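Structure first, then comments.
Number of protein chains: 2
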Amino acid sequence: MLNPRTGKILNSIVNWYIDHAMPVSSQTLVRDYDLGVSSATVRNEMAFLEQEGYIFRPHTSAGSVPSDKGYRFYVGTLEDFTLPVSEQRMISHLFHQVEGRLDEWLSLAAAIISRLSQNTAVITVPHHPASQFRHTELVSIQDNLVLLVLVLQGARIKQQLLTLEHQVPQSELSAISARLNPLFGGLNRAQISDLKLDLSDLERQILAAVVKIMQQEDGQGYNQSYLEGMHFLLNQPEFSHSERSLAVMEMLEHRTALGTLIPQTQEKEQVVVVIGSENKAEVAHNCSLVIGRYGLDEAAGTIMVLGPTRMPYRRVIASVAHFSVLLSHLVADLYGVNTFLETDKESPK
Amino acid sequence: MLNPRTGKILNSIVNWYIDHAMPVSSQTLVRDYDLGVSSATVRNEMAFLEQEGYIFRPHTSAGSVPSDKGYRFYVGTLEDFTLPVSEQRMISHLFHQVEGRLDEWLSLAAAIISRLSQNTAVITVPHHPASQFRHTELVSIQDNLVLLVLVLQGARIKQQLLTLEHQVPQSELSAISARLNPLFGGLNRAQISDLKLDLSDLERQILAAVVKIMQQEDGQGYNQSYLEGMHFLLNQPEFSHSERSLAVMEMLEHRTALGTLIPQTQEKEQVVVVIGSENKAEVAHNCSLVIGRYGLDEAAGTIMVLGPTRMPYRRVIASVAHFSVLLSHLVADLYGVNTFLETDKESPK
DNA sequence: ATTAGCAGTCAATAATGCCGACTGCTAACG
DNA sequence: CGTTAGCAGTCGGCATTATTGACTGCTAAT
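Same order as they appear, the protein sequences are chains A and B. Letter by letter, the first sequence follows residues 2 to 350 of this note's numbering. Letter by letter, the second sequence follows residues 2 to 350 of this note's numbering.
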């Protein structure tokens, strides 16, 4: 679609602009990249690229800036999204230190992705629209106050305080949970509700609480997430002084509308890049989004990196791809699935 | 220390500046406040206030801006920190909707305080340097993978995945936790470590994990906290364009050094205000901090609101004071303490 | 002690001119 | 015919200057 030399020049423009955040001149290109032609030729090519909409100029006699279309072309030509070995080692080292804690994994992953990509990262908790019951436990706190601990499929823990009508000894509470656990095990909330059981008042209260917790859990999509590196957004020259940045920050803080940014057509283990005005939300029109999914069909989470359209796509995509695989393995363990997913290489849409 | 009229003028200056974020002129004061004197007199008083360091001027022929000393005086004259009844009702309504969940309480409280005070709010999880064991539970996840659920005093829940040497049936896991629970109940990690018990390898592994979790839990001070309303910082005109704001944001995001901002001398149920350069941390020299404590001796948490020195102190102090009492009640319930704390009125330092 | 009035100060804004970074074009070149 | 050197033209950015208007500080009258 673009002849090789033109493509090479466009990619050089994008690379330089990503690094320097300033319009690129024809001279700069021949100086910094090995194009083998003179600046005049580059100017001719740039005129063509501008005409075709791959780049634009802030004003008549200015250097060129990649447009969304230009970035899209650039991203399409990228390949080899493996992280440097040193970084891979660093990551696996850090993960060994927080062995065995889902929340720590996600929080750590968000922190690392954010640091590696120098942008804001969000990771949503693996989520399934119909959680399965795994285990419950009742712990007496004080008088008639009882802590209900609920373990869902995938080692997800929920808690809820219950106020009982009368004080109940711990031994009886334990007996109740011991009785309910085998009955509820492996069922989702609809199935639990449908059970025809002969229950005491107390047991009914507990069942109601369990169902309610599961309902809330199933209901929240992008509400539960780990957010890291908001300050990188502010560091970006294109954001530091604008009104836009504020709207984006607010969206991030409330997680509202984060879901709407995700395009529906995304297969697992594939990294999708949404550039600038391709975003559905108006506020994110000068942002790019790199989105990965992880987990299993029964519990999928999303990794996303948000930054200005001028972001280091290769690094970002590599980070997201790496963690997509890593977290998928971890979640597979939690859900007792042994299928090892094919890994190693992903390519953006 | 300041004669009544001078004090009244100073407070008028502070009030106006808090509302408008612009230097106040003598004319504006006589127009907007009922001072009963002419602008010339106000100018004379302002000259005095400037000489004494309560206010300063950005340049020679400019209006006046309160200094930290001026704010300090202003805060000292404030009284009546009750929230409007409508807001109190709104709060108790919202809290009824998330009955029984500590994490939701704190998260909600941070959100409300932030909204009410139009500034950034942080609430730390109630914390004690030597947590007490309450209950543990082992849930088989898959093969030899087991989820250890640990409940600490105060309904705090921790989780950890364990990889066992062999696969162990759920019934045996339940038996183990049933055996360990009465042994550990009410003890802190040192006491648990000191127990001379005859344990199997498996039980030893579990004990080690329990102690390690408790150790980590006891170790982290301000790490666990709920942060809300960072975008308010960016909205403030004094922050929107500065380098400072970035440093503050970074500090907030990493929670580092948040602890160092808290003055040590603070009694429970008392709200402390730290103004501008009174802050120990250099980065926070144009910030003010309103700090409240809540909880019990055995589990105290901190509420803090951070914003520019030009913040609506009355509203902020009232919000913090209100939630200090509210959360104290809730925590007291969790810890099985029935002492109702004397409430209603607090005054800042 | 208070006040009116006036002179003086200084930031903010607009207007102007200059510099330099780039491009677009044209004509020459291989 | 693609490529290149060179030059004219454009426009943002920066520094300089002028103008305005919002305040104060001072002084003299009340």
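For each residue, glycine too, the CB sits at the ideal point set by N, CA and C. Fair warning: this is a prediction, and the values are worked out from it, not measured in the lab.
Whole-number beta carbon distance between residue j and residue i, since they are thought to touch under 8 Å
i, j, result
"Glu-251 (chain B)", "His-286 (chain A)", "The Cβ separation is near 27 Å, so there is no contact."
"Gly-302 (chain B)", "Ile-124 (chain B)", "7 Å"
"Leu-153 (chain A)", "Arg-135 (chain A)", "6 Å"
"Ala-122 (chain A)", "Ser-115 (chain A)", "4 Å"
"Asn-12 (chain B)", "Thr-78 (chain B)", "6 Å"
"Ile-193 (chain B)", "Val-169 (chain B)", "The pair is not a contact, with the Cβ atoms about 22 Å apart (cut-off 8 Å)."
"Leu-174 (chain B)", "Leu-184 (chain B)", "The Cβ separation is near 16 Å, so there is no contact."
"Ser-141 (chain A)", "Gln-171 (chain A)", "5 Å"
"Ile-214 (chain B)", "Lys-159 (chain B)", "5 Å"
"Val-284 (chain A)", "Val-249 (chain A)", "6 Å"
"Asp-69 (chain A)", "Glu-279 (chain A)", "7 Å"
Distance CB(residue i)-CB(residue j) smaller than 8 Å
i, j, result
"Gly-64 (chain A)", "Pro-24 (chain A)", "yes"
"Thr-137 (chain B)", "Leu-146 (chain B)", "no"
"Ile-263 (chain B)", "Thr-310 (chain B)", "no"
"Ile-292 (chain B)", "Met-305 (chain B)", "yes"
"Gln-161 (chain A)", "Gly-337 (chain B)", "no"
"Tyr-227 (chain B)", "Leu-84 (chain B)", "no"
"Glu-46 (chain B)", "Ile-92 (chain B)", "no"
"Val-272 (chain B)", "Ala-322 (chain B)", "yes"
"Arg-315 (chain B)", "Phe-82 (chain B)", "yes"
"Gln-265 (chain B)", "Arg-294 (chain B)", "no"
"Ala-319 (chain B)", "Glu-229 (chain B)", "no"
"Gln-225 (chain A)", "Val-99 (chain A)", "no"
"Ala-210 (chain B)", "Leu-253 (chain B)", "no"
"Phe-1 (chain A)", "Val-43 (chain A)", "No answer is possible for residue 1 (chain A): the residues shown for chain A start at 2 and end at 350."
"Gly-155 (chain B)", "Ala-300 (chain B)", "yes"
Inter-residue Cα distance where the pair is residue i and residue j
i, j, result
"Leu-3 (chain A)", "Leu-327 (chain A)", "36 Å"
"Ser-118 (chain B)", "Asp-144 (chain B)", "51 Å"
"Arg-245 (chain B)", "Leu-307 (chain B)", "14 Å"
"Ile-177 (chain B)", "Glu-204 (chain B)", "7 Å"
"Pro-130 (chain A)", "Arg-190 (chain A)", "10 Å"
"Leu-40 (chain B)", "Ser-26 (chain B)", "One detail in the question is off: residue 40 (chain B) reads as Ser in this sequence, not Leu. Between Ser-40 (chain B) and Ser-26 (chain B), the C-alpha separation is close to 9 Å."
"His-128 (chain A)", "Arg-256 (chain A)", "15 Å"
"Gln-217 (chain B)", "Val-86 (chain A)", "31 Å"
"Lys-269 (chain A)", "Val-332 (chain A)", "14 Å"
"Tyr-18 (chain B)", "Asn-236 (chain A)", "29 Å"
"Arg-157 (chain B)", "His-94 (chain A)", "29 Å"
"Pro-59 (chain A)", "Ile-14 (chain A)", "15 Å"
"Glu-343 (chain B)", "Leu-297 (chain B)", "Only weak support is given to the placement of Glu-343 (chain B): the predicted model assigns it a pLDDT of 37, under 50, and the question is left unresolved by the model."
"Glu-80 (chain B)", "Leu-208 (chain A)", "49 Å"
"Leu-335 (chain B)", "Asp-219 (chain A)", "27 Å"
"Ala-48 (chain A)", "Leu-290 (chain A)", "29 Å"
"Gly-71 (chain A)", "Ala-22 (chain A)", "15 Å"
"Pro-5 (chain B)", "Thr-29 (chain B)", "20 Å"
"Leu-165 (chain A)", "Leu-139 (chain A)", "12 Å"
"Val-76 (chain B)", "Asp-35 (chain B)", "21 Å"
"Leu-109 (chain A)", "Asn-16 (chain B)", "44 Å"
"Ser-62 (chain B)", "Ser-241 (chain B)", "25 Å"
"Glu-105 (chain A)", "Gln-89 (chain B)", "36 Å"
"Gln-206 (chain B)", "Gly-186 (chain B)", "18 Å"
"Phe-341 (chain B)", "His-330 (chain B)", "Residue confidence for Phe-341 (chain B) is low, a pLDDT of 41 falling below 50, so the modelled location carries little weight and cannot support an answer."
"Thr-261 (chain A)", "Asn-120 (chain B)", "28 Å"
According to DSSP, residues forming a beta bridge with residue i
i, result
"Gly-293 (chain A)", "A:Ile-304"
"Phe-49 (chain A)", "DSSP, once it has assigned bridges, lists no residue as partnering Phe-49 (chain A)."
"Pro-309 (chain A)", "A:Cys-288"
"Ser-329 (chain A)", "Answer by DSSP bridge pairing: none, since Ser-329 (chain A) is not bridged."
"Glu-229 (chain A)", "A:Ala-122"
"Phe-57 (chain B)", "B:Val-66"
"Ile-276 (chain A)", "A:Ser-289"
"Leu-163 (chain A)", "A:Val-147"
"Val-25 (chain A)", "A:Ser-65"
Problem - Complete alpha helix (DSSP H) runs within the stretch 75 to 161 of chain A (minimum length 4 residues, chain order) - result: The stretch 75 to 161 of chain A contains these whole alpha helix (DSSP H) runs: 86 to 98 and 103 to 118.
Exercise for the section: Starting from the N-terminal side, write out each stretch of the beta strand (DSSP E) that is 3 residues or longer and does not extend beyond the stretch 183 to 250 of chain A. Expected result: For the stretch 183 to 250 of chain A, the full-length beta strand (DSSP E) segments reaching 3 residues or more read 226 to 229 along the chain.
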